[in-house]
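Residue numbers (the UniProt record's numbering): 1 to 337. Have a look at the structure below before the remarks.
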């Protein structure tokens, strides 16, 4: 009831955005608390991106509420107001959702942060001969919504089109596209239309999805001692020179670079309330991990579902710093898995 009343009240006031500020005395706490309310998954408008991922995505079941599109439009306006006035929201969205806002192309790698199991199944199909495995799959997918299972064709006639080695790349692409949308195109459009009324979406073209997340959610101060205390190592020890250089790099970096590194490895700039000790991975609690992988000519790689950084055995601190900074800023397409 609160959400319905608030949306109706603000939407029917014929006043400017700046009048909103005067009437209800908007401040940082107001934005933070109201975002906590309107983005609450209890209202069935949004849902958590995964069992261990508390970023939000649009809930396909939002159609249970006949006014859901009006709500999404209102929330889009509200989020844009927060961004315009430099206020932070309580709960952030998934990185693929931010890419939608930026009109950036989504890739199969973006699936890993919201549905690791689905992502792994598509990677398995890509890397294996499905005909030798006698898998019988068609260009259609079943979806359960509010207890009802419905079948959706990925393309016209898909329910009769068998997936083969020749066409499986198309199948993987269509499956990834379906997983990102899952029937929430209208909700996404309503949100973006509302956002665009306050802040033109083209203004965001100069940012990437991680920068947009930081602008909306803010940068937490990273506790380096907590980070070190809750980091594990594979094929390195805490006394390995590369690990000592790694912590030297973090110590010398400013908070923005630290947050970008955390985004690179964990997929988000937000820490749980318990800090690094309560980081979650695809299979439950998963501490930040640095693993020795590759050659010194390689770039660092990350595995966001495991909170793991693959750090090659670099020969000098300067080399490690250069490679890490490049990987953090240029993750699109090759830096993350």
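Ideal placement from N, C-alpha and C gives every residue a C-beta, glycine not left out. Owing to the predicted nature of the structure, the values given are computational and were not obtained by experimental measurement.
- Using a Cβ distance threshold of 7 Å, residue 271 and residue 307 do not count as a contacting pair.
- As for any beta strand (DSSP E) of minimum length 3 sitting wholly inside the stretch 145 to 190, the runs are 148 to 153, ordered along the chain.
- For residue 76, the enclosing alpha helix (DSSP H) has its first and last residue at 68 to 84.
- In the three-state reduction of the DSSP assignment, residue 209 falls in the helix class.
- The shortest C-alpha to C-alpha distance from residue 39 to any of 63, 76, 67, 66 is the one to 76.
- With 16 or more neighbouring CB atoms inside 10 Å of its own CB, residue 98 falls in the buried class.
- Boundaries of the alpha helix (DSSP H) around residue 327: 317 to 329.
- Boundaries for residue 136: no alpha helix (DSSP H) harbours it, and the DSSP string shows neither H nor E there.
- Collapsing the DSSP output to three states places residue 253 in coil.
- Residues 276 of the same chain have their beta carbon placed closer than 6 Å to that of residue 227, with the five preceding and five following residues left out of the count.
- For residue 119, the CB contacts under 6 Å within the same chain, skipping 5 residues up- and downstream, are 111, 112 in chain order.
- In the DSSP secondary-structure assignment, residue 87 is not bridged to any residue.
- Scanning 69, 94, 217 for the CA closest to the CA of residue 57 turns up 94.
- Under the 10 Å beta carbon count, residue 245 is surrounded by 16 or more other beta carbons and is classified as buried.
- Here residue 33 is exposed. Its C-beta has fewer than 16 other C-beta atoms within 10 Å.
- From the listed residues 73, 293, 37, the smallest Cα separation to residue 198 is found for 73.
- By the beta-carbon neighbour count (other beta carbons within 10 angstroms, threshold 16), residue 148 is exposed.
- Excluding residues up to 5 positions away in sequence, 138 lie with their Cβ nearer than 8 Å to the Cβ of residue 160 in the same chain.
- For the set 286, 238, 233, 283, the Cα lying nearest the Cα of residue 310 is the one of 233.
- Sixteen is the threshold: when 16 or more other Cβ atoms of the shown chains lie within 10 Å of the Cβ of residue 59, as they do, the residue is buried.
- Cβ contact annotation for residue 44 (same chain, cutoff 7 Å, sequence separation greater than five): 59, 61, 62, 64, 65, in chain order.
- Judged by beta-carbon spacing, residue 142 lies within the 7 Å limit of residue 151, meaning their Cβ atoms are closer than that value.
- Residue range 46 to 50 is occupied by the beta strand (DSSP E) that includes residue 46.
- Rounded to whole angstroms, residue 316 and residue 265 show a C-alpha spacing of 22 Å.
- The C-alpha of residue 173 lies about 10 Å from the C-alpha of residue 154.
- Between the alpha carbons of residue 239 and residue 292 lies a gap of roughly 13 Å.
- Under the three-state reduction of DSSP, residue 222 is assigned to coil, being neither helix nor strand.
- Distance from the Cα of residue 295 is smallest, within the candidate group 288, 211, 323, for 323.
- Ranked by Cα distance from residue 249, the first of 328, 48, 166 is 328.
- Ranking 217, 231, 255 by CA distance to the CA of residue 88 puts 217 first.
- Here residue 269 is near residue 213, since their CB atoms are less than 7 Å apart.
- Looking at the backbone, the Cα of residue 304 and that of residue 235 are separated by about 19 Å.
- With respect to residue 125, residue 168 sits close: the two C-beta atoms are nearer than 7 Å.
- Note on geometry: alpha-carbon atoms of residue 81 and residue 200 lie some 11 Å from one another.
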